[in-house]
Every structure is written in C-alpha cells, then in structure tokens.
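Below is one structure, written out as structure tokens; comments come after it.
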Amino acid sequence: MHRIHVMKIRSLAAFSSLALLAVSLQAGAAVRYVDASLATGAGTGTSWADAYAGPASLQTALAAAVSGDQIWVKAGTYRPSTTGLRTASFTMKSGVAIYGGFVGTESTLSQRDWKTNVTILSGDLLGNDTATTNFTENSYHVVLGTGAAVTAILDGFTVRSGNANGASASNQDKGGGILIVSSGAPTVRNCIFASHRCTFGGGAGYIFSAQATFADCQFNDNNGGSYGGAFDTNAVTSTFTRCIFRNNTAVRAGGVETYGGGNTTYTNCLFAGNRATGSGGGAAIWIGVSNSVVNARNCTFAGNVATSVAGGVNTTSAGTLNASNCVFWSNSGPTGTTAANQINAGGGTNNVSWSIVQGGFTGTSNLA
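In structure tokens, the structure reads:
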C-alpha cells in the first residue's frame, strides 16, 4: 500500500511539472501587432492600438519575435529597408508565424481576410517602379528563408518587386522574391509572388540544398533570367500544393527548373502561359542532371510556349517525370502543339499515367 501511495505522489508531481511547463510555454508565446499607418499608441506591439508603427514596423516585430510568437500585419505596403539597403530582406525565423491580411481590429486569426486586406512585402525600396524601369535599386531578395525550419511560416502576403541582379558568389543573382539555401525548410501559404526578376535563376524563388513547403500560392509575371522564371530548385526536396504558375519567363524553364538531384512534388497545381525563350525549352518545367525527379499529381499544364523544345515539360539528362491524373494541352514549341511539345524526353524518363495528353502519350490509361 505504501509503495502505491508513493507512486501516486510521483505521478501527480510529474503531471504538475508538465502542466507548469505547458503554461510556461504558452505564456512565452505572444501575438505581435504591426500597423505601418498607425500614428498613435505606445508602439509596443502588444495590441492593435499599440502596434509597432511606421515604415520599419515589420522589421521591428521580426527582431523582437521569439519562437512561438505570431506576427499579425495590417494591410499596407512594407519594405525591408527604409534607407535603400538592397541586401535587406524580411528574414523568416524558426517557430515564428507571420500573418498578413488584417484590417486592424481582429481578435482571432480566423477573422482576417487576406485576399481583401492586401498586405504587400515590396522590394521596390524607393517606390518608383514602372512596368519596365527603375528596378536597379530594388531588394535582391524580398524574403529570406535560409536556415529557417518548417515552423517558420509566411501566410497571407503579396510579395513583389525583388531584383536579384547582384553577385553570384553571394546568391544575389538568384531568387528575387524568396531565397532559401543552407538547409532551410520554411512554410509559405496563401501568398502571391509577382513581378520579380533575377539574372541567374528563380525569378520568384531560388531553393538550394534546402526544403520548402508552398501551399495555395501564386507565382505570376516573374522573370528568371537564365533558368526558372518562377523557381530554380537545386538539390532540394520541396512541395507545391494548389499553386498557380502563370506568365513567368526565362531562357530555360519558363515556370520551374529542377536541377542537381532535386525532388519536387506538385499536387493540384496549374502551369499556364509560361515562356521559355532559349534553347533549353521546358516552358512549364525543365528537369535535368543528377537524377532530378518531378512528381505531378492532378496538375494542368496548358498554353505554355517554348521557342525550342517542349512547351510543356522537358525531361533531360537522367531526370524523371512521374505524372498521374494530369492534363497536358495546348503547350507549343517550334513544331506546334504536337505530343512532343507537351512532354519531351531529351535524355530523361517520363512515367505518365491516367492523364490527358494532346497528341497522345504512352502509359497506363492515358487519353489523347
């Protein structure tokens, strides 16, 4: 009986310790409020009335945030630097969730409407971009996800106007929208990446030796320079779910390039209107080198245009495409909308099943 009594006491003590730990962790987490337009309040970030204010308000919140915190950002435009520093970015932090799309009165996350309350992260540091000029002073990378864990979250933003035209050695020529290298693995949801540029690869984003998860995002009107109008992915394992890649351009891989042994999965995604303007082709996706793999499930590839090879997917150099329940239609190359311009095997392997391919394609239960 005595032994049972002691065990009960020890169990209660252990339970109490766990409960205290949980309370302590919860108490340490905070919501930090950001409102660039606010002209009053204490500026402590503890409420909408006392939100971090001014043009540097989001950077102030990021500097103060610790793991477990959420940052709620009111609709408006936020720039990573107020002094024209092109190397400045909004840097994601492990354990910190950054949410945009607030009107500035919400008390719960579910009350926000990020589609209506547009919250812009802009690389246009001087606010002087036109459709075709004044990009030279823009941020190299608007968002930086390097080294951030999967618990680093960006949700509900329009990210625009990065210009990665700098030095290759420091990756300043890659990923105008977001740069993820060196074992980063951030989570990005409900975001629009638009009007980014770079000289090397990945107009909207560049992922190297890292991972990333994107869901319910759009990548529109980005220019990837040499490789990957929207993304250049190199030696990565990443997923894109319910994403749209539209009207992106690069010399090779108008939409996405997968290179260097990368493994990328697309589920319920749309690739439309992307352009590859040079000899590499692959207006939607280009796959190649070192056993790179692309998995596409329930995706549509339509209306992509290449000036040379395959307006749809070009699989080269030991690359592999695994596609199921997909549609490849009206993708064009120099020979029109033939089957080879939907999917091309330029030295790689294409495993296609249960899909609709214009012109037909060998595989299980495919339709033409």
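Here our numbering = 1-based position in the sequence shown + 1.
C-beta: ideal position from N, C-alpha, C; glycine also.
Going by DSSP, which residues form a beta bridge with residue i?
i	result
Lys116	Lys116 pairs with nothing; no bridge assigned.
Leu370	It is not possible to answer for residue 370, since the shown part of the chain is limited to 2 through 369.
Phe329	Phe302 and Val358
Cys192	None; Cys192 has no bridge partner.
Trp49	DSSP output for Trp49 lists no bridge partner at all.
Val160	Leu122 and Phe194
Determine the direct distance from the alpha carbon of residue j to that of residue i, and round the result to whole angstroms.
i	j	result
Ala307	Gly229	13 Å
Gly225	Thr321	22 Å
Gln173	Ala165	5 Å
Asn315	Ala303	14 Å
Tyr260	Thr234	6 Å
His364	Val328	For the sequence presented, residue 364 should be read as Gly rather than His. Straight-line Cα distance between these residues: approximately 14 Å.
Asn305	Ser227	17 Å
Asn342	Gly167	34 Å
Tyr100	Gln359	41 Å
Asn352	Asn129	47 Å
Val252	Lys175	14 Å
Gly85	Thr78	15 Å
Thr301	Thr268	10 Å
Val67	Asp36	19 Å
Ser309	Gly255	12 Å
For residue i, which of helix, strand or coil comes out of DSSP?
i	result
Gln219	strand
Leu39	coil
Ser111	helix
Ala340	helix
Ser18	Note that Ser18 scores 42 on pLDDT, short of 50, meaning its location in the model is unreliable; the coordinates nonetheless yield the value given after this. Note: Ser18 maps to helix in three-state DSSP.
Phe201	coil
Ser25	For Ser25, the predicted model reports a pLDDT of 37, less than 50, meaning its position is unreliable; a value from the coordinates is still stated below. DSSP places Ser25 in helix when its eight states are reduced to three.
Ala319	coil
Thr84	coil
Thr278	strand
So residue i and residue j are in contact, right, with Cβ under 8 Å, and what is the actual spacing, rounded?
i	j	result
Ala213	Ile181	5 Å
Ala236	Ser210	5 Å
Val189	Ala231	Not really, about 13 Å apart at Cβ, beyond 8 Å.
If you follow the alpha helix (DSSP H) that residue i is part of, which residue opens it and which one closes it?
i	result
Leu59	Ser58 to Ala65
For the beta strand (DSSP E) holding residue i, just list the boundary residues, first then last.
i	result
Ala150	Segment: none, Ala150 is in no beta strand (DSSP E) and carries neither H nor E.
Val74	Gln71 to Lys75
Ser239	Thr238 to Thr242
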